[in-house]
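S.K.: The structure is given below, and queries will be raised subsequently.
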Amino acid sequence: MAEKADLSTLRKLWAALLIVLLAAVIARGLLLASGTVSFHADEAVVGLMARHILEGERPTFFYGQAYMGSLDAWLIAGGFTLLGDSVLTIRIVQSALYIGVVAASFWCAWLLTRRVTAALVTGLLFAVPPTLAALYTTATLGGYNETLLLGTLIIMLAYTLVQVNLRSWWRWAALGFCAGLGWWTNGLIIIYAVPAAMLLLIAWILQFRAGRGWIAAGGLVVAAVTFLLGSAPWWLYALQNDLAP
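All residue numbers for the sequence shown refer to this note's numbering, where the first residue is 38 and numbers rise by one.
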């Protein structure tokens, strides 16, 4: 059972998070202002899909393929509605998602280590990423920001289920939904889902040996239902298109 942090530690934690978020916003703002990230064909397709969504189309996957769900295009369509139709809007949506990734990574490091320094260093490493990570999280290339965010949430939820309370049904529900949404968005979510599943399997075996296997079993049922809800677009498309995905 993870120990609760005292008030002094919590203050340091929130201060560290503020530093990390400020660094992320400044770094991303400078990157957008520099104009160094070029507009390319893949990003143009996503922007076109967002336009079509606003005109009434309902794409499930990116055009011309039966994988990589259209969640990114739907989010950008929302951005177009709020901020107008432009390349900058696409970049702002991606940047907002990435700042979410930075915050989630910070909290994940805190949960795993219970050390403010570890969380701070992790957050700063994400806030000012290397070139490839900066590119893939500034220009949209197919749901990578969403996969990073959902994957980190999966790890956090699985870990807290094991460390805090296997009877937390909302965590099971959130875990299943994040995994399902990630499965539709980008198959790379499996990188996060497999270790999370292994952790939960070990916990279930230990609970089963202690005669409390029903607790984790009930959670798995909840997670399975919400997984299907999160990945519903994938399944509906598959059933309507000869299991193309």
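C-beta: ideal position from N, C-alpha, C; glycine also.
Between which two residues does the alpha helix (DSSP H) holding M105 run?
M.R.: First-last for M105: undefined, no H or E at that position.
S.K.: Can you tell me the Cα-Cα spacing of I113 and L198, whole angstroms?
M.R.: Going by the C-alpha atoms only, they are around 33 Å apart.
S.K.: Assign Y229 to buried or exposed, taking buried as 16 or more other Cβ atoms, counted over all protein chains shown, within 10 Å of its Cβ.
M.R.: Looking at its Cβ environment, which holds 16 or more other Cβ atoms inside 10 Å, Y229 is buried.
S.K.: For G66, count neighbouring C-beta atoms within 10 Å of its own C-beta (all shown protein chains included) and say buried if the count is 16 or more, exposed if not.
M.R.: It is exposed - the Cβ of G66 has fewer than 16 other Cβ atoms within 10 Å.
S.K.: Helix or strand or just coil, what does DSSP make of F117?
M.R.: F117 falls in the helix class under three-state DSSP.
S.K.: Would the beta-carbon of S132 fall within 8 Å of that of L69?
M.R.: Contact flag set, yes.
S.K.: Grouping DSSP H, G and I as helix and E and B as strand, with all else coil, what is F99?
M.R.: If DSSP states are grouped into helix, strand and coil, F99 belongs with coil.
S.K.: Let me know the secondary structure DSSP gives D279 once reduced to three states.
M.R.: Correct three-state label for D279: coil.
S.K.: Pick from A61, G255, Y104: whose alpha carbon is nearest that of A171?
M.R.: Nearest C-alpha to A171: A61.
S.K.: Which word fits G213, buried or exposed, when buried means at least 16 other C-beta atoms lie within 10 angstroms of its C-beta?
M.R.: Looking at its Cβ environment, which holds 16 or more other Cβ atoms inside 10 Å, G213 is buried.
S.K.: Taking the C-alpha atoms as reference points, what is the distance between L237 and L203?
M.R.: Whole-angstrom Cα-Cα distance: 9 Å.
S.K.: Considering only their Cβ atoms, is the gap separating F264 from G217 smaller than 8 Å?
M.R.: Taking 8 Å as the Cβ cut-off, G217 and F264 qualify as a contacting pair.
S.K.: Mark A110 as exposed unless 16 or more other C-beta atoms lie within 10 angstroms of its C-beta, in which case mark it buried.
M.R.: Looking at its Cβ environment, which holds 16 or more other Cβ atoms inside 10 Å, A110 is buried.
S.K.: Apart from the five residues just before and just after L266, which ones in its own chain have a Cβ nearer than 7 Å to its Cβ?
M.R.: F214, G217, listed in sequence order.
S.K.: Distance, Cα to Cα, T73 vs V139?
M.R.: The straight-line gap from Cα to Cα measures roughly 21 Å.
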